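Residue numbers (the working numbering): 210 to 557.
For reference, the structure discussed in these notes is given below.
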Ligand SMILES: NC(=O)c1ccc[n+]([C@@H]2O[C@H](COP(=O)([O-])OP(=O)(O)OC[C@H]3O[C@@H](n4cnc5c(N)ncnc54)[C@H](O)[C@@H]3O)[C@@H](O)[C@H]2O)c1
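Below is the structure:
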């Protein structure tokens with residue numbers, strides 16, 4: 210391929226300004242060129258034209274597929290459309306970046322991976338929150354070895370509120386309560402723990418918000434082959450909340466509220482360090498507690514990695530196979546909640 214690579218964003222939604230964010234990241238990457246936006250809602254394509262004067266717009270993906278300048282599409286639409294749009298994009302010969310949640314289930318993920326291979330095109334999952342400043346610092350500390358062997362990770366988010374946001378509320382369109390924030394959390398954990406997954410225990414609750422079909426609280430407890438346990442909870446009925454991260458290792462631990470971990474998100478292509486985490490270590494001199502500032506958030510680097518893959522043969526930033534492991538954990542948690550048993554994950 211030759212730079213700059215022609216790119217289009219599919220889905221220019223109002224709820225999180227996220228089609229805009231994809232356009233802004235692409236626009237800021239010299240090896241990529243934003244040429245088009247597609248959204249089935251004409252009001253949204255009008256908004257895109259106001260934000261990015263150089264683009265052409267489409268209100269049907271079928272018209273976008275015929276645009277020969279578009280070599281890469283970024284899919285930023287509701288979760289239930291991710292698999293069908295990806296399959297259509299590959300059939301049209303485009304490379305694909307697909308937002309989290311990659312899709313609704315492992316069968317869809319496998320269909321997407323295989324279609325990409327058949328077409329000889331890239332499939333990358335937009336797990337861009339690996340680039341959040343707090344996670345970048347956590348990853349650096351964990352891989353430095355200063356915590357010793359990490360054996361326990363807790364991640365929790367949410368609160369007590371009835372979700373209001375349209376298709377995100379319904380299982381058929383979103384995948385369920387776990388599919389909004391859960392993919393970020395599972396991706397973070399799988400990036401920190403490079404071991405085989407032995408099994409997943411899930412605990413789902415549907416107790417309070419009966420006007421939507423999504424679960425009110427979802428929890429996945431992942432057991433890894435090396436003994437590490439990760440406990441991930443998303444709740445909309447948690448009257449009392451926990452810090453975002455608690456990590457325990459044999460020589461220390463991390464406590465992180467996450468507040469300020471992604472300053473400027475959805476407004477800027479990168480963000481300044483906006484907070485700090487608590488690092489506790491035990492060494493020869495006993496207990497040491499320190500505040501460690503977050504790193505900056507370098508979300509735009511995800512897109513340079515995409516370009517480096519397509520132009521220079523670098524690794525795919527987050528492959529379809531990695532994304533499928535994330536979906537496998539979410540799916541196994543739901544199965545386990547129903548069966549009451551520990552469930553295995555395919556592609557462990
Ligand atoms: N990585 C992150 O941090 C992050 C943050 C927010 C949202 N997201 C993800 O972005 C995706 C979109 O979420 P959102 O909040 O922007 O949703 P949204 O509802 O605001 O926007 C979705 C847009 O897609 C359009 N659309 C629906 N079906 C379409 C189709 N078949 N073809 C073309 N356009 C179509 C809709 O008209 C709408 O404008 C989801 O996967 C969500 O999880 C990721």
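All C-beta atoms in this analysis are idealised placements derived from N, C-alpha and C, irrespective of residue type, glycine included.
Bear in mind the structure is a predicted one, so any value in this text is a computation, not a measurement.
Reduced DSSP category for residue 229 - H, G, I as helix; E, B as strand; rest coil
helix
Integer-rounded CB distance, given that residue 318 should sit under 8 Å from residue 533
4 Å
Among 244, 261, 535, which has the Cα closest to the Cα of residue 402?
535
Burial state of residue 453 (16 or more Cβ within 10 Å)
buried
Which value, in whole angstroms, describes the spacing of the CA atoms of residue 321 and residue 442?
28 Å
Between residue 227 and ligand 1, is there a pair consisting of the residue's CB and a ligand heavy atom that are separated by less than 6 Å?
yes
Report all residues from its chain with a CB closer than 6 Å to the CB of residue 541; omit the five preceding and five following residues, and keep chain order.
409, 552, 554
By DSSP, does residue 436 sit in helix, in strand, or in coil?
coil
Start-to-end residues for the beta strand (DSSP E) that takes in residue 519
No beta strand (DSSP E) holds residue 519; the alpha helix (DSSP H) holding it covers 509-521.
Among 250, 236, 252, which residue has its Cα nearest to the Cα of residue 263?
236
Length of the line joining the Cα atoms of residue 549 and residue 510:
41 Å
Residue 317 Cβ short of 6 Å to ligand 3 heavy atom set
For the structure depicted, ligand 3 is absent and the ligand set comprises only ligand 1.
Are the Cβ atoms of residue 299 and residue 333 separated by less than 7 Å?
no
Within 10 angstroms of the Cβ of residue 369, are there 16 or more other Cβ atoms? Answer buried if so, exposed if not.
exposed
In terms of residue numbering, what span does the alpha helix (DSSP H) encompassing residue 297 cover?
291-300
Count the other CB atoms within 10 Å of the CB of residue 506; is the residue buried (16 or more) or exposed (fewer)?
buried
Counting only runs of 3+ residues fully inside the region 461-509, write out the beta strand (DSSP E) ranges in chain order.
461-465, 485-492, 495-502
Check whether the region 483-495 and the region 516-526 are in contact - that is, three or more C-beta pairs closer than 8 Å.
no
CB-CB under 7 Å to residue 309, same chain, minus the five flanking residues each way: which ones, in chain order?
334, 335, 336, 392, 393
Residue 337 beta carbon near ligand 1 (any heavy atom closer than 6 Å)
yes
With the cut-off set at 7 Å, would you say residue 545 and residue 411 are in Cβ contact?
yes
Beta-carbon within less than 6 Å of residue 306's beta-carbon, same chain only, minus the 5 sequence neighbours each way: which residues are those?
283, 333, 335
Within the present structure, is the beta-carbon of residue 286 separated from the nearest heavy atom of ligand 1 by less than 6 Å?
yes
Are at least three pairs of beta-carbons, each pair with one atom in the region 460-470 and one in the region 336-353, less than 8 Å apart?
yes
Local Cβ density within 10 Å of residue 210, reported as buried at 16 or more and exposed below that:
exposed
Using only alpha-carbon positions, find the residue among 447, 397, 480 that is nearest to residue 351.
397
Inter-residue Cα distance where the pair is residue 371 and residue 445
7 Å
CB-CB length for residue 275 against residue 244, believed under 8 Å:
Wrong, their Cβ atoms sit about 13 Å apart, outside the cutoff.
Any chance you could list the beta strand (DSSP E) runs of at least 3 consecutive residues sitting entirely within the region 255-292, in chain order?
265-267, 281-284
How would you write the range of the alpha helix (DSSP H) that residue 245 sits in, first residue to last?
No alpha helix (DSSP H) holds residue 245; the beta strand (DSSP E) holding it covers 241-247.
Within 6 Å: the Cβ of residue 427 and any heavy atom of ligand 1?
no
Of the residues 363, 296, 301, 388, which one's Cα is nearest the Cα of residue 543?
388
Once DSSP output is grouped into helix, strand and coil, what is the label at residue 418?
coil
With respect to 6 Å, is the separation between the Cβ of residue 330 and the closest non-hydrogen atom of ligand 1 below this value?
no
Under the assumption that residue 502 contacts residue 514 (Cβ atoms under 8 Å), give the Cβ distance between them as a whole number of angstroms.
The Cβ separation is near 24 Å, so there is no contact.
Please say whether residue 490 and residue 355 have beta carbons closer to each other than 7 Å?
yes
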